[in-house]
Every structure is written in C-alpha cells, then in structure tokens.
C-alpha cells in the first residue's frame, strides 16, 4: 500500500506543508497562503444554510446550540456548495512558487503509482479544525489524479503507540451496536442494515438506549469486538476536539467518561468505530488519543435518510472484501443523489486513520476463519508447455550474438559521454555489516553536528570492518560546522557528501541548479529536539506555545510559568549554520523573529555549560546531546498541558545519580506516529547527477565516484548492525 501524507501546520507565511510518500522515498516541502477570506466565508455560509434545512435541523439535539432561524432555500445552500468548491480550488491551485513543489510532486506521485495494482492512502494531517472540516476531495487535482482514493484525515500521533496487532479471539466477526437517544431519528432502519451483517457470518450484539453501566459492561466483554457502531444523537464542540454521545434521555457521555471501557475494547482488538450520528470530528479526536487507529464519523449533522443509506452502501461494499477506504469512497459517492435535497451530503462521511496502520478488509477481521483472497491474473489460460525446438534456439542464439557484436563495435568505436547516475537503489537491507561492498578510497564528508553520536560509532566500526573505506570529516576553519555550511561545501566541491539535520531548502536546490547539479537526499534516522533548563528551576514541562513565546520574547520571566522571579535567558546556535536552529525556527517559532534577549552560542557544549551556570538559562538541541547531560534538566514537551511527553526514559534520573547512570533517549517516542511533538529526520545529502548541457567529464566522474561512496555509506547504516548503532546513539532508524 502506498501512503501519501500532507502534514499541514501554521506558519508565519500561512501554512507549511510537508509531503511524504515513503514507499517511493519522496519528500517535498512547500507553503500555502493563509485561508482566503472568500473560502472561509463561503464555507460558513454553506454550513449555516445546510444546518437550516428542515431535515438537518430535526436531528439537532435539544442540548446543542440551535442556529438562528433564517429563510434559506435548497437552492441557496446548493449555491454555497459550488462557491466552496470554487474557492477551495482557487486556493489550492494558486501559482505561489512556494506551493508549486508540493502540488507538482503530488501529480508526479500519482503518475508513478498509476500502473501499480495497489491501494493508495492519501492523508491530510492538519490540527486546525477549519482545515479538517474542508471537503478536500473536491480539489480537482485529487479528482483527476486520485479519482478512486478516499481522502482521509490523520488520527492523532499516538494512535500507533500499541505496535502489537491484536484481533478478538472469536470464531465470528463481532459487532457491538449501541442505539442511543433517537427521538426524531429512525434508528430502526440503521439497526436492520447492521443486523444484515449476520448473513455474512457476523455476530451482532445490540444495546437499545443503554445506560452507562450497560454500555461499559458490554465494552469490557472478554471476547472483545471487531467493530463498534453508535447510532443516535451526538455532537462536538466548535473546536472539533470534544465530542459526546447521548445514550438515552438522561445519559450524555463524552469519550472521556467511558474511556477505560473503550481502552479495554481496543486492547482486545477493536479495529473500527463507526459513529453514524451528528458532528463527529470531536469523537474521532478523542478516540485517537485512546489509540484507536480507524474511525468513521460524520463531519456535520446528518439527515436521517442519508445516515441509513450510507450504512447500507458502506457495508455492501465492505462485506465484498473491499478495503475500508475503498468501501467508504464508493459509499460516499453513492450519496450523490441526496445533493439536491441536502447540498454537500457527499462531504459528510469521513475516515480518520493512523497513517501507517494496515489496510482493513472484512476478511482480514477474522483471517483464521476465511479462505485466501483470490487474485486475478492477466492470462486467462496457461501457455502450452511445448518441447523446445533445438534448431530454433540455435538460430536465435546466433542472431542475438551477431546483433550484440555489431552494437559493441559501434559503442567502442566512438567516445562515450559519462551517463548520469541513477538514483541509489533502495535494496533490501543487508543482514551483515561486513556483507556491504564498499569502495577502496578516501572520501570527505561534513555538515551537521547532530550526526556526531552516530558517526562516532559508525566510523569506529567501519575502520575495523572496512579499513579500505576511508572517511574524513571536513569543516571550514572560519565557520561553525552545521547542515547549512555542509551543503554549501558540497556545492563548492569541498565534500563528497554532506550530513544534514533538516531538509534541503528551495534556495539550496536553486543554487545547485544554477551550478548544473541535481541534489538528492536519503533519510536515515529520526531525531527529537529536547529542551534543557537549570536544575534550580521548579518547572518540569513546557507546551510548544510556551516555548515559542519564550524564544520570541513574549514570555520573559520564569514567574509567568510558575517558576521563580528570574528574567529568562534563552540560548541558541546561529540560524545561518545549524539545521537544528533552522528546523526550530520553522516548526516552533513558525517563522517569527527570535527574541532580542537571545544569546548565540558556538555549539551545544557551550549552550549546556551556559544553562548549567545560569539559573535563568534555557537551550534546545538534539535529544541525543541533551538528555544524557547531568548538568542540566531536560523538560517534557507537549502540544497541550494534558499531553506532555518526556524524550527520556522515565523516571528522570537526577544529580548526583545521573553522573553514574546518565538518562537515555526514549527512541520509542520518536516515531512519526507517536506523541513526542518535535521530531525531524536526518539525511545524507549528495550530488545525484550533472545537468549541464556541456558536461565536465572530470566533474561527472567525481560525482559518480562520490555516489558510490554514498551508496555504501547508506547501506551500512541500513544493515541490522547499522540500525543498532543508530539506536545506541539515541536516534530511531528510518526503515
């Protein structure tokens, strides 16, 4: 399965967008302008008009906020729907040069995957609820290049904290359906659709308007359930974070109020939750925090007829062994006939899914009790196995040999230009470090200091196992080493390859192009950014917003955070040389200027020394260089106060014990699907090929030779022993 993810975060310029397609080893970075006022207005107008349609108003619960009555016709709502689509496409098809790399790469990815017979998953990873509510499937790029793909929303980062794949121990697929308070809703039809699953070998357990005790006891059932379905009244707060369901006339529950029961069901193998009820984005958000990897909800209040038909269409496709995403895509599109009465109805069903979770089908819910899935082949009949004709074979051999001789004479009779090297192949990892073929020569590399813990261990092993593969770290005498200087040295022919703790920038790619060079990157490891403060400060955790305010000067005293009355002294390396600083500037400060009180330090060693000597100090850097330092205290970080995560293995070891037993990085927290809020990738940067129309053969030869070194270097890092070295250094290997 190919997974294409768009990670969208607020930045000073609007939104930073990171595109990844890991199976194709493709990454791109770009910037979208802020949401246009026209798009926000048209969406709000559609939402208001849609919610004022009689059949939609009837499903609002008495406890929800009712909208101000307006005379809105079906036609005006449909008009707003068209306006939303037009405004969305104007925004996403803007010609901004900072956005084009992402848009163009999305098209290129689709073209590469066009001939592959595999499922494609496109995920929008956005925290802003305004972005999550948009009908992304209406972007004409998705309609044209990803027509059969359901555009999903990313579940929260910690949905894959449980790596073990568990399914309920049952001979049948078990479905728990809870029918909640349903005045004004015909839930009987929903129930009939779900009951039909018994015709496909399922066991359906139904709770009719249960109380809290009955629902919780059902979720604690020892056998567990594969699917949980709720139908009835539900809702979410406007921020899309908190949702609730109404079980009966008296019991209204948020997910938080029965989370232990839900956790038990998830631990026993719950694979999917479906809320065929109103306004479920808040429900999906809370379920993701309980580590449920898949959830289907409705973005807005859903009319009765739409809810019933959706379930019918969805389970019709899903029980035919269509994947979850495909079944949802087909079911959603079959709601098209409702657009006349309920404009925008096809936008309602939404899947929230963890990026790397396996594809789900009806048969995969109970693999021990089903036959293997049949695979269709292009050849309907096997080719006849005739005995070979010896004369024909001899003739073919002589003919091929003649042609080969002619081609060889042609080739060697005239000078041949050096061909551009192909992209370094992504082969299966070698089991043994010693099995990798390495060149017998000396190579210069440089760049990121974040890489130092890895290169220290790796170079030692290379010297022992492959002494003929000689590597020397180079730096400029008058400049501090870092990702930026390393890439400039690579372009200036001072290095064979460079190490980086950030992605290539647009300006670096443009500089390379001017020199007639293609730059490429290979992801190797995942690193965390950790924050260090003085041990005397009685603060153990910070939100990213607080960290941003400290480094932009909007929080200037520790007292504002519950600490002592001390003016905060922030330290940082220079933005011009360090990839860590560039990453921090873009992803934490979101492009805002550093505080005037910032003091620049030469390197992390100096930064840690400054913080250890100054009670008011604070410094950030790679977790591999911060966490093991006993002289300073590493703090927990989180997006919110109730979601703090430590980059170290808990409990934190304090002085003087940490001098003998240093704290260690908790690399399990560094997965891009886990909850630590600031992680980034480490790359090997190299020259891929020359793009000069009049090539310099000497320089091309050097590029080819250096690329061979990069190929060997990355293969060594991707062996089992290489990955272990990366872990020992405090990083997570990239598969």
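Numbering (my numbering), first residue to last: 37 to 771.
Here a beta-carbon is modelled for each residue, glycine too, at the ideal position from N, C-alpha and C.
Remember, predicted model here, so these are calculated numbers, not experimental data.
Assignment of residue 261 by DSSP, reduced to helix, strand and coil, places it in the coil class. Between the C-alpha atoms of residue 532 and residue 722 there is a straight-line separation of about 7 Å. Cα atoms of residue 248 and residue 569: separation of roughly 45 Å, rounded to the nearest angstrom.
Under the 10 Å beta carbon count, residue 503 is surrounded by fewer than 16 other beta carbons and is classified as exposed.
In this structure, residue 572 sits away from residue 604, with a CB-CB distance that is not shorter than 9 Å. The way I'd put it, the stretch 519-531 does touch the stretch 483-490; three or more beta-carbon pairs between them come closer than 8 Å.
Taken through DSSP and simplified to helix, strand or coil, residue 740 comes out as helix. By the CB criterion at 9 Å, residue 310 and residue 264 fall inside the cutoff. As far as DSSP is concerned, residue 712 takes part in no beta bridge. Non-local C-beta neighbours of residue 635 in its own chain, meaning closer than 6 Å and more than five positions away in sequence, comprise 607, ordered along the chain. Spanning the alpha carbons of residue 677 and residue 154 requires a straight line of approximately 41 Å. Closest in alpha carbon position to residue 41, among 50, 59, 48, 590, is 59. Around the C-beta of residue 618, 16 or more other C-beta atoms lie within 10 Å, and the residue is accordingly described as buried. Around residue 475, the same chain offers 505, 744, 745, 748 as residues with beta carbons nearer than 7 Å, after the five sequence neighbours per side are excluded.
The beta carbon of residue 742 sits closer than 8 Å to the beta carbons of 479, 532, 533, 722, 723 from its chain, once the five residues preceding and following it are set aside; these are given in chain order. Taken in chain order, the complete alpha helix (DSSP H) segments of 4 or more residues contained in the stretch 117-181 are 136-149, 165-169, 176-181. Annotated three-state conformation of residue 579 is strand, per DSSP.
Runs of the beta strand (DSSP E) lying entirely within the stretch 299-362, each at least 3 residues long, are 308-312, 330-334 in chain order.
Judged by DSSP in its simplified three-state form, residue 696 adopts helix. Following the DSSP letters along the chain, one finds residue 187 inside the beta strand (DSSP E) bounded by residues 187-190.
Three or more Cβ pairs drawn from the stretch 382-394 and the stretch 325-341 lie within less than 8 Å of each other, which places the two stretches in contact. DSSP places residue 690 in the coil class of the three-state scheme, outside both helix and strand. About 11 Å separates the Cβ atoms of residue 127 and residue 167, ruling out a contact at the 8 Å cut-off. The beta carbon of residue 235 sits closer than 6 Å to none of the beta carbons in its chain outside the five residues before and after it.
Residue range 62-68 is occupied by the beta strand (DSSP E) that includes residue 63.
Around residue 149, the same chain offers 38, 156 as residues with beta carbons nearer than 7 Å, after the five sequence neighbours per side are excluded. The shortest CA-to-CA distance from residue 401 to any of 558, 509, 203 is the one to 203. Taking C-alpha positions only, residue 327 is separated from residue 703 by approximately 19 Å. Boundaries of the beta strand (DSSP E) around residue 238: 238-244.
No Cβ-Cβ contact shorter than 9 Å links residue 683 with residue 690. Taking a cut-off of 8 Å for Cβ pairs, the stretch 292-307 and the stretch 251-270 touch, as three or more such pairs fall below it. Short of 8 Å from the beta carbon of residue 250, and not among the five residues preceding or following it, lie these beta carbons of its own chain, in chain order: 243.
Contact between residue 719 and residue 559 holds, since their C-beta atoms are separated by about 6 Å, short of 8 Å. Runs of the beta strand (DSSP E) lying entirely within the stretch 501-548 and spanning at least 3 residues, in chain order: 505-509, 533-536. CA-CA distance, residue 491 to residue 666, rounds to 23 Å. With a cut-off of 8 Å on Cβ pairs, the stretch 68-86 is in contact with the stretch 122-142, counting three or more such pairs.
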